[in-house]
Structure formats: structure tokens, C-alpha cells
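Residue numbers (the working numbering): 2 to 288. C-beta: ideal position from N, C-alpha, C; glycine also.
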Ligand SMILES: Nc1ncnc2c1ncn2[C@@H]1O[C@H](COP(=O)(O)OP(=O)(O)OP(=O)(O)O)[C@@H](O)[C@H]1O
Ligand SMILES: [Mg+2]
């Protein structure tokens, strides 16, 4: 790997350390991310996904181990976290926590304004960011943020982060709770941002999103990184994935089910198109 832009070494995290409520949530996690990669973090509830994302954004300081992001050591007391967060955007699991201005336009422009942008440049940037996430500038810029639907609020939260043109985008369950159309739209938006070269790290419970977007997947369990590799390879290890209580992408599950019933079929399948192809080959309809 070229010089990683995120390098986590033996990171440990205990919430409420030193109290009777102390809870170990990361246990010697190591992870290196190269510029331009799209990595999915998967794992059961409470496995540490959100905690890792918050470390990469400098919300937490490493208690044990180290976190280096874009050449900065986040354990160093002198590290400028405001500058870091201009380059490392975090879209929170709960968009309610992210949208705080009264009007959509003000909310999306907050980050660029704080970094000194104004006038036409600022308007242009807000329009661009809203466009990226599929929010029409004219329709939404003066809409009160309290009157948004959950899906719209999520887009506004994402636009506010995208508006800073971060080099690294951290996404915490970005598609949770969206209807199928909004879900599809968001996937397209993330694919577009990725094509622009943004490095993406996404925590998710949707294995189909992982199959659609990510190139590499890191599987967490009880604060430990259990598996790390290319998406196709990791999902072909169906038994290990299932033993951790996780699902497979729908297409992968279908071919594994057929294989389990004695049908000779390829199992390194991620998408429905690939599953269809594998089934036709297994049936002898296609070679
Ligand atoms: N603010 C907090 N205070 C105390 N414990 C916490 C806090 N946040 C998380 N935890 C605990 O740390 C562990 C890891 O939590 P984390 O939120 O990172 O998991 P996650 O993988 O993101 O889970 P989910 O899929 O439910 O979002 C869990 O056991 C959780 O209960
Ligand atoms: Mg989480």
C-alpha cells in the first residue's frame, strides 16, 4: 500500500474508564487505509464501528495505541483538530445530531463559512454540495430544517459535510431507515463522491450496500477486527460471517443456499446480476 492516509495501530478504547460502568469497546484494532479506498466496517451492534469512526475524526483521543490521519498523530496534544475535520468529514449515525441551523442553506453553508468562505464562492459551494446529495438548491435552501423528513434531514447532514470537500468521508450507517428510492439515490450519491477520489469509510448493517459500493471490508466483533480483505473474498467465507451473527448480501446468500442443496454453482457472487449469471451457468443455459 502507498503511504496510508489513515493508520490505526493497536487502538484500544474503554468508555467510562475508571468507573464501575467501564466498557471496553475497542481491543487492539489495527487498520490502514489508502487514499481513494472505499472501506466498509461491518459487525454486530456494539462491535465498535461508530467508536472507530469517531477516533478517525478526532472526537476521541487514543487511550492505547495510535491513530494517524493525513500525516497527523491524533494522540499528540498539539494536533489541530479543527483543521483535521475540514479534511475528514463525519456523517453521524443519527442525522438529528448533525442538522442544527434553522434553514437548510445556512446549515449546509456552516462548515465553509467557518473556514472563511463567503459571497459567490460560498453560494456556489452550497449549491454544489446540495446538488451532490440530490437536494435541489432553489427548492430546499430556504426550507426550515425542523420541517424536513428523516431522509431529507440525512441529505442535509451529508451535504453539510460534503460542502467542505473532505478528502476522507466517514459515514455511519448512511442508509439506515431510508425508503427504497431514497436508499438508491444515496447509493448513487456515494458512488459519485467516490469517483471524485474521496476516500470513504462506511459503517453499515446493510450487506447489500457493502456489495454495491465497497472494495474492502473490515469485520468487527466485540471491539476486535476479525477479518479484513476484498469484499468478494470476505463474503465468500459465508460460515465465518454467519458465525459472527452477520448476514450475507442477498445475491451471495442465494447462491450459497443453492450450493448447500447440492447444486454445483459459483459462490463468489455479490450482485443479483452475477447471481443470475451463476444460476444460468449452473442450469447449463449459459456457458
Ligand atoms: N458514549 C458511550 N458510553 C458508554 N458506552 C458506549 C458509548 N458509546 C458506545 N458505547 C459502548 O461501546 C461499544 C461499542 O459501541 P459502538 O457504538 O462503537 O458500536 P457499533 O458497532 O457502532 O454499534 P451499532 O451497530 O449498534 O451502531 C458498545 O458496547 C456500546 O454499548
Ligand atoms: Mg454505530
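Beta-ladder partner(s) of residue i, from DSSP
i: residue 217; result: 40, 231
i: residue 203; result: 41, 172
i: residue 14; result: 27
i: residue 122; result: The partner list for residue 122 (beta bridge, DSSP) is empty, contrary to what the question assumes.
i: residue 8; result: 33, 69
i: residue 226; result: 221
Sequence-distant residues of its chain with Cβ nearer than 6 angstroms to residue i (five each side left out)
i: residue 227; result: 220
i: residue 125; result: none
i: residue 201; result: 39, 170, 195
i: residue 107; result: none
i: residue 248; result: 208
i: residue 61; result: 55
i: residue 16; result: 24, 26
i: residue 279; result: 256, 266, 267, 270
DSSP-derived helix/strand/coil call for residue i
i: residue 168; result: coil
i: residue 242; result: helix
i: residue 189; result: helix
i: residue 176; result: coil
i: residue 1; result: In this structure the chain extends from 2 to 288, so residue 1 is not present and cannot be described.
i: residue 65; result: strand
i: residue 93; result: coil
i: residue 269; result: coil
i: residue 107; result: helix
i: residue 114; result: helix
i: residue 210; result: helix
i: residue 74; result: strand
i: residue 236; result: helix
i: residue 248; result: coil
i: residue 285; result: coil
i: residue 261; result: helix
i: residue 102; result: coil
i: residue 135; result: coil
i: residue 150; result: coil
i: residue 51; result: helix
i: residue 60; result: coil
i: residue 81; result: coil
i: residue 198; result: coil
i: residue 20; result: coil
i: residue 274; result: helix
i: residue 46; result: coil
7 angstroms CB neighbourhood of residue i in its chain, flanking five on each side removed
i: residue 13; result: 27, 28, 29, 64, 65, 66
i: residue 286; result: none
i: residue 281; result: 287
i: residue 186; result: 135
i: residue 156; result: 134, 135, 136
i: residue 118; result: 126
i: residue 102; result: 108, 111, 146
Rounded Cβ spacing between residue i and residue j (contact assumed at less than 8 angstroms)
i: residue 162; j: residue 92; result: 5 angstroms
i: residue 203; j: residue 160; result: Contact doesn't hold; Cβ gap of about 17 angstroms is too wide.
i: residue 88; j: residue 10; result: In fact, because the Cβ distance is near 20 angstroms, the residues do not count as touching under 8 angstroms.
i: residue 23; j: residue 215; result: That pair is no contact at about 33 angstroms.
i: residue 212; j: residue 250; result: 4 angstroms
i: residue 154; j: residue 104; result: That belief does not hold up - the Cβ atoms of residue 154 and residue 104 are roughly 13 angstroms apart, past 8 angstroms.
i: residue 268; j: residue 256; result: 5 angstroms
i: residue 47; j: residue 198; result: In fact, because the Cβ distance is near 33 angstroms, the residues do not count as touching under 8 angstroms.
Neighbourhood of residue i by C-beta distance below 8 angstroms, restricted to the same chain and skipping five residues each side
i: residue 94; result: 51, 173, 174, 177, 204
i: residue 116; result: 87, 165
i: residue 245; result: 44, 45, 220, 222, 227
i: residue 188; result: 176, 210, 213, 214
query: Which residues count as close to ligand 1 when the rule is a CB under 5 angstroms from any of its heavy atoms, in chain order?
result: 16, 24, 26, 46, 47, 48, 49, 50, 51, 52
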